[in-house]
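For the sequence shown, the numbering used here assigns the number 29 to the initial residue and increments by one for each residue that follows.
First comes the structure, then the notes that go with it.
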Amino acid sequence: MALDEDTEQEFAPQKKKPPTEDEKRRKKIVPGSLMKALVRPGGGDSRPSDGDQVIYHCTVRTLDGVVVESTRSEYGGKGTPIRHVLGKSKMILGLLEGIPSMLKGEVAMLKMKPQLHYAEDDCPVSISNNFPKDDELHFEIEMIDFFKAKVVSDDLGVVKKVINEGQGWESPREPYEVKAWISAKRGDGKLIMSHTEGEPYFFTLGKSEVPKGLEMGIGTMTRGEKAVIYVTSQYLTQSPLIPMIDGFEEVNFEVELVHFIQVRDMLGDGRLIKRRIRDGKGEFPMDCPLHDSLLRVHYKGMLPDEEKRVFYDTRVDNNGQPLEFSSGEGLVPEGFEMSVRLMLPGEIALVTCPPDYAYDKFPRLANVPEGAHVEWEIELLGFEMPKDWTGLNFKSIMDEAEKIRHTGNRLFKDGKFELAKAKYEKVLREFNHVNPQDDDEGKEFVNARNLLHLNVAACQLKMGECRKSIETCNKVLDANPAHVKALYRRGMAYMAAGDFEEARGDFTMMKKADKSSEADATAALLKVQQKEQEVERKARKQFKGLFDKKPGEISDVGEKEDHNTGENQNNVDKDDSDTESSDESHEAAADAGRRGWFSMFWPNGRLFSGLGLQRCSIL
């Protein structure tokens, strides 16, 4: 029966794609409305199709031979042929049907009824008022060329024709430095400029050193590629390459991309710049150490002054030995590691780094002034990818997981919460492919996974991401609602978010779930009471006098703003996370006591929500 159903589905009629606008228009063509006469045969067998750019001359005549308009200079035109991309450009119906029937070099006469040219209902192409659009006309077409086009701009103002394919797949972008042979011609073929001898033309993308359209086209090229880039007037911006652009409706650039130097704005604000000096081996970025790896580099650190003073050189100050470090562990300045992760083996790069990504947040060398910008010349000698867990037995996997977790704990204690979280999340991703084989392995696996989730939640709490911390705790509590550490962690997140009633519920649940946690739970309940009372005091101060005014008077609520409503997240709780000592002391336990009178106006701690405020950010 199942086989029959599969057979029925296989032979069921497929849904037809809805017709395109051009296909709908073609249905208007009736016999005799479009006639074609061959004037000169073309060459080859191929004909243009959708996606091809067609280049052709067009002369329009009345039936008695009077020229109405033409692209040819001998008939009063500018001598510039028309360029259209089939399937994308707006064309009259007769050309839409007739041009795909032509060969390269062919000349044909297309006789069109008015409804096949500009008299068509809802014709997408406009024409001047004095054009005889209600007359039957002859369109003489010479097919000069057609080819598959790379549409660079949606409005077809920049289109590329590839002459010779390049190597690799990386293309230059801002602010890459580019070397290229470039020549430029007008649409009629007249040469404007040529830079094809001596040294290739050198420029930086994004600095308006070449016309905008040319820059856009080069941004789609690969190293060694040769192409023609067709640029219309709206993309012909003034530049040192072509200082005078007035009067050019279109320029065709023939470009050979000789070389480009990767220059990366790592932060997007121009402060941390990585400039490749020597190419490495492999394809960018697939062969870069993007994932946490063991890296081997030589580097030279310099101050970007006139003397380029060197403050450290591994080849001199490290007995010629390279620096080895594991990425993702905060062992080198952040700007240094960000740059190395985007290098290829064998590459040399010059990195200019601001102080906040250099030594402001990292142990500063004695000969580096405080707040100094630095330059590093870095050579990536090689790297080792992290161990692949595929094929490892359960014990080996858990040992590897424990090593990474301990690294995360060290980062947490150093205050590097983002890096610590990344370590825990890495193991959790790997755990998606682990299948315990018996009950003992299953119990060990679940406990390790829960521990990692709670450590992620601790990092999120320290980073001020209260809601995310709550969601992460729920991953543990959904399976085990009485998990004491998860209740404690979620209660702390609720308290930091200002959800005091929910926090109180979690801490109370702790007492019921495990009597040994009663002291910790009671201390946490006291902290909730203190936090809630603090919020009430601040609210009383803010709303003081609100109800003391006479009818019709407006109270100056919040006249004196309390600027101390924020509290450092690091002081929100004494965390019992496994990233910290589980034996750390808590505040002395005390009776939570009755809630203050202000709770009448503050049910369940939700007043902030009613005001549309994020309590997590202001408590």
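Quick reminder that beta carbons are idealized off the backbone N, C-alpha and C, glycines included.
For this session: Keeping to the same chain, check which residues put their C-beta closer than 7 Å to that of E453; ignore five residues upstream and five downstream.
Result: Here residue 453 is taken as the residue at index 425 of the sequence shown, counted from 1. The residues are V484.
Problem set entry | Other residues of its chain near T14: CB distance less than 7 Å, five sequence neighbours each side excluded | There is no way to answer for residue 14, as the model of the chain reaches only from 29 to 647.
Exercise. Which runs of the beta strand (DSSP E), 3 residues or longer, sit entirely within the stretch 44-117?
Worked result: 62-68, 80-90, 95-98, 110-113
Problem set entry | DSSP state of K405 mapped onto helix, strand, coil | Here the question's residue 405 lines up with position 377 in the sequence shown. It should be pointed out that residue 405 corresponds to Glu in this sequence rather than to Lys. Here E405 sits in strand by DSSP.
For this session: Give the DSSP-derived three-state secondary structure of L184 in the structure shown.
Result: Within the sequence shown, the letter at position 156 stands for residue 184. Reduced to three states, the DSSP call for L184 is coil.
For this session: Using the DSSP secondary-structure output, state which residues sit across from N280 in a beta bridge.
Result: Here residue 280 refers to the residue found at position 252 when the sequence shown is read from its first residue. DSSP lists K213, Y258 as partners of N280.
Exercise. Where does L351 sit, in a helix, a strand or coil, going by DSSP?
Worked result: In the sequence shown, residue 351 corresponds to position 323, counting from 1. Of the three classes helix, strand and coil, the one that applies to L351 here is strand, per DSSP.
Exercise. Can you find at least 3 beta carbon pairs, one from the stretch 383-397 and one from the stretch 411-427, that sit closer than 8 Å?
Worked result: no
Problem set entry | Beta carbon of F174 nearer than 8 Å to that of K189 | In the sequence shown, counting from the first residue as 1, residue 174 sits at position 146. In the sequence shown, counting from the first residue as 1, residue 189 sits at position 161. No. Outside cutoff.
For this session: Taking all protein chains shown into account, decide if V600 is buried (16 or more other Cβ within 10 angstroms of its Cβ) or exposed.
Result: What you label residue 600 is simply residue 572 of the sequence shown in a count that begins at 1. With a pLDDT of 32 at V600, under the threshold of 50, the modelled position of that residue is not reliable, and the figure given next carries that caveat. Buried, because 16 or more other Cβ atoms sit within 10 Å of the Cβ of V600.
Exercise. CB-CB under 6 Å to I376, same chain, minus the five flanking residues each way: which ones, in chain order?
Worked result: Here residue 376 corresponds to residue number 348 of the sequence shown, with the count starting at 1. Once the five neighbours on either side are set aside, the close Cβ partners of I376 are I305, R306, E407.
For this session: Run the CB neighbour count on E168, radius 10 Å, all protein chains shown included, and call it buried at 16 or more, exposed below.
Result: To locate residue 168, count along the sequence shown from 1; it is residue 140. Under this definition E168 is a buried residue.
Exercise. If you scan the stretch 283-325 from start to end, which runs of the beta strand (DSSP E) of 3 or more residues do you find wholly inside it?
Worked result: If you keep only unbroken beta strand (DSSP E) runs of at least 3 residues inside the stretch 283-325, you get 291-293, 301-306.
Exercise. What separation, rounded to the nearest whole angstrom, lies between the Cα atoms of N395 and Q557?
Worked result: Along the sequence shown, read from residue 1 onward, the residue named residue 395 stands at position 367. Along the sequence shown, read from residue 1 onward, the residue named residue 557 stands at position 529. So the alpha carbons of these two residues sit roughly 51 Å apart.
For this session: Name the two residues that bound the continuous alpha helix (DSSP H) containing K454.
Result: As a working mapping, residue 454 is identified with position 426 in the sequence shown. In the DSSP assignment, K454 falls within the alpha helix (DSSP H) that extends over 445-459.
Problem set entry | Own chain partners of E237 with C-beta closer than 8 Å, once the 5 adjacent residues on each side are dropped | The residue labelled residue 237 in the question sits at position 209 within the sequence shown. Excluding positions up to five away in sequence, the list reads F231, S267, P268, L269.
For this session: Let me know the secondary structure DSSP gives G275 once reduced to three states.
Result: Position 247 of the sequence shown, counted from the start, is the residue given in the question as residue 275. In this structure, G275 counts as coil in the three-state DSSP scheme.
For this session: Use the C-beta contact count for H319: other C-beta atoms within 10 angstroms, 16 or more gives buried, fewer gives exposed.
Result: Here residue 319 refers to the residue found at position 291 when the sequence shown is read from its first residue. H319 is exposed by the Cβ-count criterion.
For this session: Please determine, among F571, F276, M130, E102, the residue with the shortest C-alpha to C-alpha distance to P69.
Result: The residue labelled residue 69 in the question sits at position 41 within the sequence shown. Nearest option by C-alpha distance: M130.
For this session: Mark P47 as exposed unless 16 or more other C-beta atoms lie within 10 angstroms of its C-beta, in which case mark it buried.
Result: In the sequence shown, residue 47 corresponds to position 19, counting from 1. Exposed, because fewer than 16 other Cβ atoms sit within 10 Å of the Cβ of P47.
Exercise. From this set, V402, N346, A147, which residue's C-alpha is nearest N158's C-alpha?
Worked result: Position 130 of the sequence shown, counted from the start, is the residue given in the question as residue 158. The option with the nearest alpha carbon to N158 is A147.
Problem set entry | Where N346 falls: helix, strand or coil (DSSP) | Here residue 346 is taken as the residue at index 318 of the sequence shown, counted from 1. It is coil, neither helix nor strand.
For this session: Report yes if the C-beta distance between K302 and L351 is below 8 Å; otherwise report no.
Result: Locating residue 302 in the sequence shown gives position 274, counting from the first residue. Locating residue 351 in the sequence shown gives position 323, counting from the first residue. It is not a contact, given that the beta carbons lie outside the stated cut-off.
Problem set entry | Coil, strand or helix - M330 by DSSP | Locating residue 330 in the sequence shown gives position 302, counting from the first residue. Strand, per DSSP.
Exercise. Quick one, are the C-beta atoms of L489 and A524 less than 8 Å apart?
Worked result: Position 461 of the sequence shown holds residue 489. Position 496 of the sequence shown holds residue 524. Contact flag set, yes.
For this session: Note down the Cα distance separating D416 from P317, rounded to an integer number of angstroms.
Result: Start at 1 with the first residue of the sequence shown, and residue 416 comes out as number 388. Start at 1 with the first residue of the sequence shown, and residue 317 comes out as number 289. If you take the alpha carbons of D416 and P317, they lie about 15 Å apart.
Exercise. Any chance the stretch 321-336 sits against the stretch 423-439, with 3 or more Cβ pairs inside 8 Å?
Worked result: no
Exercise. Mind checking T90: buried by the 16 CB within 10 Å criterion, or exposed?
Worked result: The count along the sequence shown starts at 1 and reaches residue 90 at position 62. Per the 10 Å Cβ criterion, exposed.
Exercise. Which residues in the same chain as A448 place their Cβ atom closer than 6 Å to its Cβ, once the five residues preceding and following it in sequence are excluded?
Worked result: Translated into positions along the sequence shown, residue 448 becomes position 420. Contacts found: G436, L439, F440, C487.
Problem set entry | Segment limits, beta strand (DSSP E) that includes L219 | Translated into positions along the sequence shown, residue 219 becomes position 191. Note, L219: beta strand (DSSP E), 219-223.
Problem set entry | Three-state secondary structure (DSSP) of D467 | For the purposes of this step, residue 467 is taken as the residue at position 439 of the sequence shown. Note: D467 maps to helix in three-state DSSP.
Exercise. What residue does the alpha helix (DSSP H) around H434 start on, and which one ends it?
Worked result: Start at 1 with the first residue of the sequence shown, and residue 434 comes out as number 406. 422-441 is the span of the alpha helix (DSSP H), which, as asked, contains H434.
For this session: Leaving out five residues on either side along the sequence, give the residues of the same chain with a beta carbon under 8 Å from the beta carbon of Y204.
Result: Looking up residue 204 in the sequence shown gives position 176. Cβ within range, chain order: T232, L233, F288, I289, Q290, V291.
Exercise. What residues are listed by DSSP as bridge partners for M171?
Worked result: Looking up residue 171 in the sequence shown gives position 143. Per DSSP, Y84.
Exercise. By the 10 Å Cβ neighbour count, where 16 or more other Cβ atoms means buried, how is I498 classified, buried or exposed?
Worked result: Numbered from 1 along the sequence shown, position 470 holds the residue referred to as residue 498. The residue is buried, with at least 16 neighbouring Cβ atoms inside 10 Å.
Problem set entry | For E472, three-class secondary structure by DSSP | For the purposes of this step, residue 472 is taken as the residue at position 444 of the sequence shown. Helix, per DSSP.
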